[in-house]
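Presented below is the structure to which this report refers.
In the UniProt record's numbering, the protein residues as written are 1 to 133.
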């Protein structure tokens, strides 16, 4: 399915942009937070869409469930981070937010790689099916 690969690439590029914009805000006080939030929202929707698609792919259902659970964490944490651990230790929340975003990108990449491997190697699909059944 080409849509999975396109979604993976778009989410990866947009996610990298969100990461760079977040770092620019954090390190250089360049205020492009609205664009950063838009990019984060696109990554969230991509992760959610891939998760839903993986529910219908044998051998990838667990990754789909994890993605569906993980997706709402991104915007919830992003929108509430300014109220968490206020003061000198707020940098810990910023680092955690960055790691959650990177985790989403890793999960998107993992879904894309596993999906591609299953589509290219039918024997892998059969072995995954027999393990579950």
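Ideal Cβ positions, reconstructed from N, Cα and C, are used throughout, including at glycine.
In this text the structure is predicted, and so the values were computed from the model without any measurement.
Kindly indicate which residue of 63, 105, 90 has the alpha-carbon position closest to the one of residue 41. Within the chain shown, residue 41 is the residue found at index 41, counting from 1. Considering only alpha carbons, the answer is 105.
Among 28, 32, 48, whose alpha-carbon lies nearest the alpha-carbon of residue 70? Stepping through the chain shown from its first residue, residue 70 is reached at position 70. It is 48.
At a cut-off of 7 Å, is residue 2 close to the ligand ATP when judged by its beta-carbon and the heavy atoms of the ligand? Because no ligand of any kind appears in the structure shown, any question about the ligand ATP cannot be addressed here.
Work out the CA separation of residue 87 and residue 21 for me, nearest whole Å. Here residue 21 refers to the residue found at position 21 when the chain shown is read from its first residue. Here residue 87 refers to the residue found at position 87 when the chain shown is read from its first residue. Between the alpha carbons of residue 21 and residue 87 lies a gap of roughly 22 Å.
By the DSSP assignment, the alpha helix (DSSP H) with residue 24 in it spans what residues? Looking up residue 24 in the chain shown gives position 24. Run containing residue 24: 2-28, per the alpha helix (DSSP H) assignment.
Determine whether the beta carbon atoms of residue 74 and residue 64 lie at a separation below 8 Å. Here residue 74 is taken as the residue at index 74 of the chain shown, counted from 1. Here residue 64 is taken as the residue at index 64 of the chain shown, counted from 1. Annotated as distal: residue 74 and residue 64, with beta-carbon spacing of 8 Å or more.
When the distance is taken between beta carbons, is residue 25 closer than 8 Å to residue 32? Along the chain shown, one-based indexing puts residue 32 at 32. Along the chain shown, one-based indexing puts residue 25 at 25. Taking 8 Å as the Cβ cut-off, residue 32 and residue 25 qualify as a contacting pair.
Let's see if you can read the secondary structure: which residues bound the alpha helix (DSSP H) around residue 116? Taking the first residue of the chain shown as position 1, residue 116 is located at position 116. Here the alpha helix (DSSP H) through residue 116 covers 90-120.
Within this structure, are the beta carbons of residue 60 and residue 8 separated by less than 8 Å? Translated into the one-based positions of the chain shown, residue 60 becomes position 60. Translated into the one-based positions of the chain shown, residue 8 becomes position 8. Contact flag unset, no.
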